[in-house]
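There are 2 protein chains.
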Amino acid sequence: MSDPLPGYIGRLREALESLEVVVGDRIRIVKSDGFVVEGVLMPREKLYAKEIIVIKLDNGYNIGVRYDSNTIIEKLGKRVEIKGIEKVKPVKNPKLPNVMIMSTGGTIASRVDYETGAVKPALSSEDLASLIPEIFEVANIDTNILFNIFSEDLTPKHWEKIVERAAKFVEEGFNGVVITHGTDTMAWTAAALSFAFRKLPVPIILVGAQRSSDRPSSDSAFNLLAAVVAAAKAPFAEVAIVMHGETGDSYALAHRGTKVRKMHTSRRDAFQSINDLPLAKIYPYVKRIEVINNVFRRRGEDKEVHVEAKFDEKVALVKFYSSIDPEVIDFFVDKKYHGIVLEGTGLGHFPQRLINAVKRAVEEGIAVVMTSQCLFGRINMYVYSTGRLYLEAGVIPGEDMLPEVAYVKLSWILAKTRDLNEVRKLMLTNIAGEINPRHTVNLYPRWPHES
Amino acid sequence: MSDPLPGYIGRLREALESLEVVVGDRIRIVKSDGFVVEGVLMPREKLYAKEIIVIKLDNGYNIGVRYDSNTIIEKLGKRVEIKGIEKVKPVKNPKLPNVMIMSTGGTIASRVDYETGAVKPALSSEDLASLIPEIFEVANIDTNILFNIFSEDLTPKHWEKIVERAAKFVEEGFNGVVITHGTDTMAWTAAALSFAFRKLPVPIILVGAQRSSDRPSSDSAFNLLAAVVAAAKAPFAEVAIVMHGETGDSYALAHRGTKVRKMHTSRRDAFQSINDLPLAKIYPYVKRIEVINNVFRRRGEDKEVHVEAKFDEKVALVKFYSSIDPEVIDFFVDKKYHGIVLEGTGLGHFPQRLINAVKRAVEEGIAVVMTSQCLFGRINMYVYSTGRLYLEAGVIPGEDMLPEVAYVKLSWILAKTRDLNEVRKLMLTNIAGEINPRHTVNLYPRWPHES
Chain A
1424 MSDPLPGYIG RLREALESLE VVVGDRIRIV KSDGFVVEGV LMPREKLYAK EIIVIKLDNG
1484 YNIGVRYDSN TIIEKLGKRV EIKGIEKVKP VKNPKLPNVM IMSTGGTIAS RVDYETGAVK
1544 PALSSEDLAS LIPEIFEVAN IDTNILFNIF SEDLTPKHWE KIVERAAKFV EEGFNGVVIT
1604 HGTDTMAWTA AALSFAFRKL PVPIILVGAQ RSSDRPSSDS AFNLLAAVVA AAKAPFAEVA
1664 IVMHGETGDS YALAHRGTKV RKMHTSRRDA FQSINDLPLA KIYPYVKRIE VINNVFRRRG
1724 EDKEVHVEAK FDEKVALVKF YSSIDPEVID FFVDKKYHGI VLEGTGLGHF PQRLINAVKR
1784 AVEEGIAVVM TSQCLFGRIN MYVYSTGRLY LEAGVIPGED MLPEVAYVKL SWILAKTRDL
1844 NEVRKLMLTN IAGEINPRHT VNLYPRWPHE S
Chain B
1424 MSDPLPGYIG RLREALESLE VVVGDRIRIV KSDGFVVEGV LMPREKLYAK EIIVIKLDNG
1484 YNIGVRYDSN TIIEKLGKRV EIKGIEKVKP VKNPKLPNVM IMSTGGTIAS RVDYETGAVK
1544 PALSSEDLAS LIPEIFEVAN IDTNILFNIF SEDLTPKHWE KIVERAAKFV EEGFNGVVIT
1604 HGTDTMAWTA AALSFAFRKL PVPIILVGAQ RSSDRPSSDS AFNLLAAVVA AAKAPFAEVA
1664 IVMHGETGDS YALAHRGTKV RKMHTSRRDA FQSINDLPLA KIYPYVKRIE VINNVFRRRG
1724 EDKEVHVEAK FDEKVALVKF YSSIDPEVID FFVDKKYHGI VLEGTGLGHF PQRLINAVKR
1784 AVEEGIAVVM TSQCLFGRIN MYVYSTGRLY LEAGVIPGED MLPEVAYVKL SWILAKTRDL
1844 NEVRKLMLTN IAGEINPRHT VNLYPRWPHE S
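Protein sequences appear in the order of chains A and B. Throughout, my numbering is defined as the position within the first sequence, counted from one, plus 1423. Throughout, my numbering is defined as the position within the second sequence, counted from one, plus 1423.
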């Protein structure tokens, strides 16, 4: 190893350098809460770029200790030869809940090997133990790799595989399941799982990262720790997305899987609840969960897991644009699609010139659902004559569902039934928290109006 | 008239009833600022459901006086016979700026006749003078009806007509133009006008209403007054949308026409700036404008008006959904479209299974632009391999443009040139404030995270 401090960065590296400590040196670490530990400084992978000191204890175990401004490091000398990175072997604690971390890909599961620079696919529990040691204070962790796919390439067929695998782990008795996922379509998958898990006794938490693990600004470790806290301890047995609540490392949010959306291309707090309050705030470092939305299925309320895991891929999402031609609707009818979600304007409108094409779609047995590109608020097609015309044509109003959630729901319903009356009834029924019957005035965000 | 107080509602009606005042009675009105006026109470149309007293003065003029909790009404007796509603004839004041209010339809221009219940198309200056008398303290108003169309039915051909008509009024020397518009697609039209007005010496303000004028909660009068204040007095010569800034009647916001979006189906403050600060806050009752964004074209900076008013209708907007099939792209290629805006995921991704269809589109001379359904943030296609693949296929990254703004811009560019290199250059050039080169951290709204 040419670098005397492989994997160490930032203020921790500066502190070690100023003490002339290198890997192999014996050190003592004193934390402000009285925690004291001695051992040999070990190299670490530059994954989860947090300031964590990895040392080998005299009993042979490696542990990770978080470095902060109150951490005192003393050099004790007695350098020993170190061959390379050793994985920390986590020890199961029978008093802690058991959490499965299942990987489907995405930034959070990607890692850059510090020597080769190659991108490796996913995390083992040993990786996690070395790099986010706090996780093992919350739960016993097992890990499983389902696949490693860019999330924009996931189709409804992948949702079915995720549901089946997660259901298996719930059946095996895990107290919670964490699913690492690319952020691009994490909300789409969260909606799919929300509909698929008709009975669910424990939480299923999707989690991702907006910045890759090898960047100092990475949100991987914070989000993953928060997700494990939610999976292990949350009072709700819901499918939820757990991500940064604001730009700092103060709290994460758990969002209901049917009411959440990626609202920013790059910010850590990109995921936000729409037309609903988040389920809870999670303070990962103190392992505390603060419920802020009392509408949820309680942990253990369902005694068993039951899934309805089929999705129909012949569903399209068509967004309004000013020059849209009826031939676009005709195309999906001609191609024998089973459902179309319209992303209309305002309260649920589409140009009147498309009404005949939509009428024909319904006549040919295609379910057509209206949603709004406003995202916030609720469809109301009774206010203006355009809305009433589309209602008469057989269009199903999408309530306060996000367009993507209406799409996922329609795909899920059409895998059960093609009977349009039945489809309508199910679309208008709140199945997984996707329809919020009452909006309080405080659900709308506050935009910046100051210079 | 069977109603003794036609058109009077709310607290004003209660006050009149408690005084046993009916239409035809002579009354005196005393305002807290010392304003005193006497005349005969006149009937009024139940349009703009604000509490305004219309009285006929002894000189024969009708005026409207706003009623508030400090307004004192005294009954003076001497009832006279009143035949019906008389319009207030506004008097031109040579010291005030001249503003044209142009109507294209929408809720703000709709009015319910208080006797027949019929919906009438639009407003005359006489209507405005009776019903929003404050407007005439700000500017001399002329009105013009261009058309009366549901805004979801407006196509790029209508944008061309709006541009031509508004340009004519600017050429005639109006100090500002207000365009009343349905809210559903007002942001689309605002973007179109922003690109079309290459030189513009005065502001063009689009304004709408979320609640119709005959409802007590209507935002018509507040918004229209704010729009006239902006058209008459704003320091910027920009195309802007002026609408309620929050749910109360404290301030309106002027949003840049290329950075604004209808974000709620029904709230008064549905319009919000995305990836940019609003241009200004407008306090309509005190006629004050507070600039909060200093990036704008100044009033009078351009000495003349110059428009490039053509738009290409062969442009499609295709939003990502999980089961999207390459045949959707093929359809638009086969139909000889000239441009496609992709509304992708995250930093600007689309499924890899569509890459060949997109490659073929570019090879056949179709301009393909990538935007993000996150809405907030910026496209960056260099971070992940999917983005790089689409860049190699010839896709133009849409910077921080909203999908609908990229669609309008592409439609405007393709009416000038079909040369893909030229299209790319123009798409990546900031033409009308649609690309904000620097995002400050405070541009992202604050979502509610409290129970």
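All residues carry an ideal CB built from backbone N, CA and C; glycine is no exception.
Straight-line CA distance for residue i to residue j?
i: valine 1586 of chain A; j: arginine 1861 of chain A; result: 30 Å
i: tyrosine 1537 of chain B; j: glycine 1430 of chain B; result: Reliability of the predicted coordinates at tyrosine 1537 of chain B is poor, the pLDDT of 41 falling under 50, and the value obtained from them is presented with this limitation in mind. Straight-line Cα distance between these residues: approximately 7 Å.
i: glycine 1668 of chain B; j: alanine 1650 of chain B; result: 12 Å
i: aspartate 1753 of chain B; j: lysine 1737 of chain A; result: 17 Å
i: arginine 1721 of chain A; j: alanine 1693 of chain A; result: 27 Å
i: threonine 1606 of chain B; j: methionine 1666 of chain B; result: 10 Å
i: methionine 1804 of chain B; j: arginine 1684 of chain B; result: 24 Å
i: arginine 1841 of chain A; j: glutamate 1766 of chain A; result: 21 Å
i: tryptophan 1582 of chain B; j: leucine 1770 of chain A; result: 22 Å
i: glycine 1528 of chain B; j: serine 1745 of chain A; result: 16 Å
i: alanine 1654 of chain B; j: isoleucine 1628 of chain B; result: 6 Å
i: aspartate 1875 of chain B; j: valine 1728 of chain A; result: Nothing in the structure corresponds to residue 1875 of chain B, since chain B is present only between 1424 and 1874.
Excluding sequence positions up to five away, which residues of its chain have a Cβ less than 7 Å from the Cβ of residue i?
i: tyrosine 1867 of chain A; result: Phe1799
i: arginine 1436 of chain B; result: Leu1428
i: valine 1503 of chain A; result: Gly1447 and Val1463
i: proline 1871 of chain B; result: none
Residue i lies in the beta strand (DSSP E); which residues open and close that run?
i: lysine 1479 of chain A; result: 1475-1479
i: valine 1488 of chain A; result: 1485-1489
i: alanine 1739 of chain A; result: 1738-1742
i: lysine 1704 of chain A; result: 1703-1706
i: arginine 1451 of chain B; result: 1449-1453
i: histidine 1667 of chain A; result: 1662-1667
i: glycine 1810 of chain B; result: It is not in any beta strand (DSSP E) - glycine 1810 of chain B instead sits in the alpha helix (DSSP H) that spans 1808-1815.
i: lysine 1580 of chain A; result: Element bounds for lysine 1580 of chain A: not the beta strand (DSSP E) but the alpha helix (DSSP H), 1579-1594.
i: serine 1795 of chain B; result: 1790-1795
Below 8 Å CB to CB, which residues in the same chain sit around residue i once its five sequence neighbours on both sides are set aside?
i: asparagine 1716 of chain A; result: Arg1679, Asp1699, Leu1700, Pro1701, Leu1702 and Ala1703
i: threonine 1539 of chain B; result: For threonine 1539 of chain B, the pLDDT reaches just 45, beneath the cut-off of 50, and the residue's location in the model is therefore unreliable, although a value from the coordinates is still provided. Nothing listed; no residue qualifies.
i: asparagine 1646 of chain B; result: Ile1531, Val1630, Gly1631, Ala1632, Val1665, Met1666, His1667 and Ala1675
I'd like the list of long-range same chain contacts for residue i, defined as Cβ closer than 6 Å, with 5 residues on each side in sequence excluded.
i: isoleucine 1475 of chain A; result: Gly1487 and Arg1489
i: arginine 1776 of chain B; result: none
i: isoleucine 1819 of chain A; result: Val1792, Arg1847 and Met1850
i: proline 1544 of chain A; result: Caution is warranted here: a pLDDT of 49 is assigned to proline 1544 of chain A, below 50, making its placement in the model unreliable, and the coordinate value is therefore given only provisionally. For proline 1544 of chain A, where only same-chain residues beyond five positions count, the Cβ hits under 6 Å are Asn1571.
Show which residues of chain A have a CB atom less than 8 Å away from the CB atom of residue i.
i: isoleucine 1715 of chain B; result: His1872, Glu1873 and Ser1874
i: serine 1689 of chain B; result: Leu1770, Gly1800, Arg1801 and Asn1803
i: threonine 1606 of chain B; result: Gly1769
First and last residue of the alpha helix (DSSP H) that includes residue i?
i: asparagine 1646 of chain A; result: 1643-1656
i: glutamate 1713 of chain A; result: Counting along the chain, glutamate 1713 of chain A falls outside any alpha helix (DSSP H), though it belongs to the beta strand (DSSP E) covering 1711-1714.
Which residues in chain B have a C-beta closer than 8 Å to the C-beta of residue i? List them in chain order.
i: proline 1868 of chain A; result: Pro1868, Arg1869, Trp1870 and Pro1871
i: valine 1738 of chain A; result: Tyr1744 and Ser1746
i: serine 1696 of chain A; result: Trp1870
i: leucine 1623 of chain A; result: Going along chain B, no residue has its Cβ under 8 Å from leucine 1623 of chain A, so there is no contact; the nearest lies around 22 Å.
What residues of chain A sit near residue i, judged by a beta carbon separation below 7 Å?
i: methionine 1686 of chain B; result: Cys1797, Leu1798 and Phe1799
i: glycine 1762 of chain B; result: Under the 7 Å cutoff, chain A gives no residues; its nearest Cβ is about 10 Å from glycine 1762 of chain B.
i: arginine 1668 of chain B; result: It is glycine, not arginine, that sits at residue 1668 of chain B in the sequence shown. Simply His1872.
Using a threshold of 8 Å, state whether the C-beta atoms of residue i and residue j are closer than that.
i: isoleucine 1664 of chain A; j: alanine 1613 of chain A; result: yes
i: lysine 1832 of chain A; j: phenylalanine 1618 of chain A; result: yes
i: leucine 1740 of chain A; j: tyrosine 1674 of chain A; result: no
i: asparagine 1563 of chain A; j: asparagine 1516 of chain A; result: yes
i: valine 1459 of chain A; j: isoleucine 1478 of chain A; result: no
i: methionine 1523 of chain B; j: aspartate 1565 of chain B; result: yes
i: valine 1756 of chain A; j: isoleucine 1802 of chain A; result: no
i: lysine 1656 of chain A; j: isoleucine 1712 of chain A; result: yes
i: threonine 1794 of chain A; j: glycine 1821 of chain A; result: yes
i: phenylalanine 1719 of chain B; j: phenylalanine 1659 of chain B; result: yes
Going along chain A in order, which residues have a C-beta closer than 9 Å to the C-beta of residue i?
i: glycine 1599 of chain B; result: Result: empty, since nearest Cβ-Cβ is about 22 Å, beyond 9 Å.
i: alanine 1829 of chain B; result: Those within 9 Å of alanine 1829 of chain B in chain A number zero; the least Cβ separation is about 11 Å.
i: asparagine 1865 of chain B; result: Pro1871 and Glu1873
Cβ closer than 7 Å: which chain B residues qualify as neighbours of residue i?
i: threonine 1809 of chain A; result: Phe1573 and Glu1575
Taking C-beta pairs closer than 9 Å, name the residues in chain B that residue i reaches, listed in chain order.
i: glutamate 1766 of chain A; result: Lys1742
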